[in-house]
Amino acid sequence: MTRPLPADYPPILYIPCVRAVTDPADLEVVYRTTRDGRTALLVYSALDRLHAGAGPDQPWFTLPTSELQKLYDVRPFDLVLLDMLVPEEHRTVATA
Numbered sequence: 001m002t003r004p005l006p007a008d009y010p011p012i013l014y015i016p017c018v019r020a021v022t023d024p025a026d027l028e029v030v031y032r033t034t035r036d037g038r039t040a041l042l043v044y045s046a047l048d049r050l051h052a053g054a055g056p057d058q059p060w061f062t063l064p065t066s067e068l069q070k071l072y073d074v075r076p077f078d079l080v081l082l083d084m085l086v087p088e089e090h091r092t093v094a095t096a
């Protein structure tokens, strides 16, 4: 990453993923594209904030903040957005 994260970021992040998995090798991180075309990684400081911001059906995983560079190395992103509200129409909905 080209810029360091703010010093007050939490030590552990909750990160939305495409689907729930049991093997970490199968993780697919959710990235968002901003209106100006940048790639954003949404992260949440706590599980209740992820549920409030991305919805209760959003699969997630935790990652120490210090390891965020590993995600960037796999797929670079322009922004890290903390505790963002995802509009209802863009949220994951569980299927039965």
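Position 83, counted from 1, in the sequence shown is what the numbering used here calls 83; the numbers after and before it change by one each time, with no gaps.
C-beta: ideal position from N, C-alpha, C; glycine also.
Given ASP48 as reference, the closest of PRO64, ALA25 and PRO56 once Cα atoms are compared: Here residue 48 is taken as the residue at index 48 of the sequence shown, counted from 1. Selected option, being the one with the closest Cα: PRO56.
Environment of GLY53 [buried if 16+ CB atoms lie within 10 Å]: Within the sequence shown, numbered from 1, the residue matching residue 53 stands at position 53. Classification of GLY53: buried, given that the 10 Å Cβ count is 16 or more.
Beta bridge counterpart(s) of ARG32 as assigned by DSSP: Looking up residue 32 in the sequence shown gives position 32. Its beta-bridge partners are ALA40.
Spatial distance of PRO64 from ARG38 (CA atoms): In the sequence shown, the residue the question calls residue 64 occupies position 64. In the sequence shown, the residue the question calls residue 38 occupies position 38. Near 24 Å, if we compare the C-alpha coordinates of ARG38 and PRO64.
Cβ separation of PHE77 and LEU41, assumed to be a contact under 8 Å, to the nearest whole Å: Counted from its first residue, the sequence shown places residue 77 at position 77. Counted from its first residue, the sequence shown places residue 41 at position 41. With 8 Å as the limit, PHE77 and LEU41 qualify as a contact, their Cβ atoms being about 5 Å apart.
Beta bridge counterpart(s) of VAL80 as assigned by DSSP: Here the question's residue 80 lines up with position 80 in the sequence shown. Partner(s): LEU41.
Assigned exposure category for LEU71 - 16 Cβ within 10 Å defines buried: Within the sequence shown, numbered from 1, the residue matching residue 71 stands at position 71. LEU71 comes out buried.
Burial state of PRO16, where buried means 16 or more other Cβ atoms lie within 10 Å: For the purposes of this step, residue 16 is taken as residue 16 along the sequence shown, with counting starting at 1. Per the 10 Å Cβ criterion, buried.
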